[in-house]
Amino acid sequence: MIRLTRLNRVPLVLNSDLIEHIDVTPDTVITLTTGQILRVRESAEEVIHRIIDFRRRIFGPDGLPTDTLDEDESVAPPEVEQG
């Protein structure tokens with residue numbers, strides 16, 4: 020989730036996974052996958068930087084989740100009981 024500001028200065032928090040594309044018309048216009056359109060005060064570059072910062076906090080700088088396992092642990096699918 021990223022924090023942005025509508026043109027009327029009302030803050031909003033946006034799920035950045037819903038962004039389909041960003042247009043710059045003088046305003047920054049964000050079109051969501053739902054078809055909803057948002058106009059925000061931040062530049063397209065600032066929106067992109069906030070998305071990158073958010074995803075780095077979630078996945079870490081190397082693209083892996085920040086709660087990764089220790090090196091000596093392996094990831095195995097859970098066993099399924101068959102009856």
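First residue of the sequence shown: 20, per this note's numbering; consecutive thereafter. Quick reminder that beta carbons are idealized off the backbone N, C-alpha and C, glycines included.
- Beta-bridge partners of L51 (DSSP): I38.
- Taking the CA atoms as reference points, R60 sits about 30 Å from D81.
- Here V32 carries a strand assignment [DSSP, helix/strand/coil].
- The Cβ atoms of V43 and S62 sit closer than 9 Å to each other.
- Nearest to R74 by C-alpha distance, out of R28, T52 and D36, is D36.
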